[in-house]
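Using the working numbering, read the sequence shown as starting at 342 and increasing by one per residue.
All C-beta atoms in this analysis are idealised placements derived from N, C-alpha and C, irrespective of residue type, glycine included.
Below is one structure, written out as structure tokens; comments come after it.
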Amino acid sequence: MDVDEQHRDEEMTRKPKPHDILWLPDGNVVLATDVYLFRVHKSVLSLHSSVFKSMFELPNVGQPLAEGNTTGNARDTFEGLPLVNLFGDKGEDVEHLLRTVYELRYHDYHGSNTPCDTVIALLILSTKYDFKDVRANVITQISKQYPINLQDYDSVDDENAPLFGMVRDDCHFDLLSAAYKAEAHVLLPTLYLACATFDIRDILAGTRCSAVDPECLQILLEGRDGLVSAIIDCIWSIPEFVRKGIASSGCCQVPSCLEKFRYVRLSHLCTENFSSTRGKSVIAFHLSPTCMLCRSFVESAIEKERETVWKKIPALFKCPSWQVIKENLDEITNS
Numbered sequence: 342m343d344v345d346e347q348h349r350d351e352e353m354t355r356k357p358k359p360h361d362i363l364w365l366p367d368g369n370v371v372l373a374t375d376v377y378l379f380r381v382h383k384s385v386l387s388l389h390s391s392v393f394k395s396m397f398e399l400p401n402v403g404q405p406l407a408e409g410n411t412t413g414n415a416r417d418t419f420e421g422l423p424l425v426n427l428f429g430d431k432g433e434d435v436e437h438l439l440r441t442v443y444e445l446r447y448h449d450y451h452g453s454n455t456p457c458d459t460v461i462a463l464l465i466l467s468t469k470y471d472f473k474d475v476r477a478n479v480i481t482q483i484s485k486q487y488p489i490n491l492q493d494y495d496s497v498d499d500e501n502a503p504l505f506g507m508v509r510d511d512c513h514f515d516l517l518s519a520a521y522k523a524e525a526h527v528l529l530p531t532l533y534l535a536c537a538t539f540d541i542r543d544i545l546a547g548t549r550c551s552a553v554d555p556e557c558l559q560i561l562l563e564g565r566d567g568l569v570s571a572i573i574d575c576i577w578s579i580p581e582f583v584r585k586g587i588a589s590s591g592c593c594q595v596p597s598c599l600e601k602f603r604y605v606r607l608s609h610l611c612t613e614n615f616s617s618t619r620g621k622s623v624i625a626f627h628l629s630p631t632c633m634l635c636r637s638f639v640e641s642a643i644e645k646e647r648e649t650v651w652k653k654i655p656a657l658f659k660c661p662s663w664q665v666i667k668e669n670l671d672e673i674t675n676s
């Protein structure tokens with residue numbers, strides 16, 4: 342094979358090909374990506390996307406050449422149909438978006454089994470092209486796994502749990518990068534928190550692999566420092582509220598459990614790992630045995646301190662308050 346033949350073969354290999362599923366016989370526009378061509382309907386895209394609607398309303402965009410017209414640019418048509426090049430968009434990502442639009446069951450946003458790559462593609466492209474319903478659904482899906490309520494967050498915050506086809510811990514940086522890029526502000530506080538639980542070396546490696554924006558990384562690192570300080574304040578307040586609770590815990594023992602309370606390695610909790618401060622965990626691993634009444638009292642007191650830390654989290658990561666986040670999330674999910 343000579344050099345010219347090899348070059349032609351390489352050009353043919355790189356040339357995008359009609360998609361197996363999304364090449365619809367009655368489609369009236371072709372979308373071109375790096376690897377796929379999609380023959381779809383202008384009316385369907387216009388119904389779901391204000392960007393495509395506006396695009397197709399522009400003169401000479403998305404319109405076929407008149408019969409016999411040879412003055413048009415051949416690169417703007419494919420087999421006589423108008424051709425729209427989606428520069429910079431991966432074919433696989435556009436496939437996820439279009440199949441979500443065309444296939445009712447393709448994206449189950451109520452569950453957590455959607456592959457992470459699909460979730461990210463839907464979030465970024467639905468934002469870029471203003472597919473409002475797709476964007477609302479994928480934000481709803483992510484927000485269920487990164488809730489804005491402390492109790493709900495604790496219930497899903499298991500680093501080894503399966504999530505979006507991966508281990509939960511492996512999703513955080515990719516999702517943070519996508520949410521920041523898509524300006525999905527309602528998702529950012531808890532995604533920042535999830536990423537902040539790693540040590541600095543892992544954060545730098547994770548953000549590099551996930552192409553996290555430098556400004557986003559700076560917010561993450563500064564917020565992490567504030568989070569550690571807030572957790573330290575929470576942990577070292579335990580002896581004080583234990584002392585104050587001696588008379589009000591309802592303990593029947595003499596002397597009461599709290600009077601002979603011992604603390605075991607509390608300093609080990611003074612880290613960025615917010616989940617390690619859960620009341621039950623602290624009592625089980627860091628405080629001496631107590632009766633049920635004293636245990637309940639201390640656990641409740643710890644959770645109140647954690648709520649104080651939780652209220653600070655949005656501000657630590659330069660986000661609006663939880664109340665504003667909730668209102669915005671409700672507006673998105675109920676639209």
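Start-to-end residues for the beta strand (DSSP E) that takes in residue i
i	result
Arg380	Tyr377 to Val381
CB of residue i within 8 Å of CB of residue j, strictly
i	j	result
Phe505	Val460	yes
Val650	Phe615	yes
Cys660	Pro530	yes
Thr455	Gln482	yes
Asn478	Tyr450	yes
Asn675	His526	no
Leu424	Thr418	yes
Arg619	Asp430	no
Val376	Gly432	yes
Phe514	Gly567	no
Cys557	Arg647	no
Leu378	His389	no
Leu528	Ile480	yes
Ile489	Lys667	yes
Thr374	Pro400	no
Thr631	Val639	yes
Integer Cβ distance of residue i from residue j, believed to fall under 8 Å
i	j	result
Val475	Leu438	7 Å
Ile288	Ala523	The structure shown does not extend to residue 288, since the chain spans only 342 to 676, so no value can be given for it.
Gly564	Tyr521	The Cβ separation is near 13 Å, so there is no contact.
Leu372	Val435	7 Å
Ala519	Arg509	That pair is no contact at about 16 Å.
Asp471	Ser384	Their Cβ separation, rounded to whole angstroms, is 16 Å, which puts Asp471 and Ser384 out of contact at 8 Å.
Met328	Cys457	The question about residue 328 has no answer here: the residues shown for the chain are numbered 342 through 676.
Helix, strand or coil at residue i [DSSP, three-state]
i	result
Phe505	coil
Pro400	coil
Pro555	helix
Lys645	helix
Lys358	strand
Cys575	helix
Cys315	Look at the range of the chain in this structure, 342 to 676, and you will see that residue 315 is not part of it.
Arg446	coil
Thr548	helix
His437	helix
Thr531	helix
Cys660	coil
Leu406	With a pLDDT of 48 at Leu406, under the threshold of 50, the predicted position of this residue should be treated as unreliable, though the coordinate-derived value follows. Note: Leu406 maps to coil in three-state DSSP.
Tyr487	coil
Asn478	helix
Ser453	coil
Lys431	coil
Thr412	Because the pLDDT at Thr412 is just 35, under 50, the model does not fix this residue reliably, and the value given afterwards should be weighed accordingly. Coil at Thr412, not helix or strand.
Glu500	coil
Asp566	helix
Ala537	helix
Ala519	helix
Glu581	helix
Cys635	helix
Glu640	helix
Those residues which DSSP pairs with residue i across a bridge
i	result
Phe419	Leu422
Leu372	Phe379 and Val425
Trp364	Arg380
Phe472	Ser390
Endpoints, alpha helix (DSSP H) assigned at residue i
i	result
Ala462	Cys457 to Lys469
Thr618	Counting along the chain, Thr618 falls outside any alpha helix (DSSP H), and DSSP gives it neither H nor E.
Lys667	Trp663 to Thr674
Asp493	Leu491 to Val497
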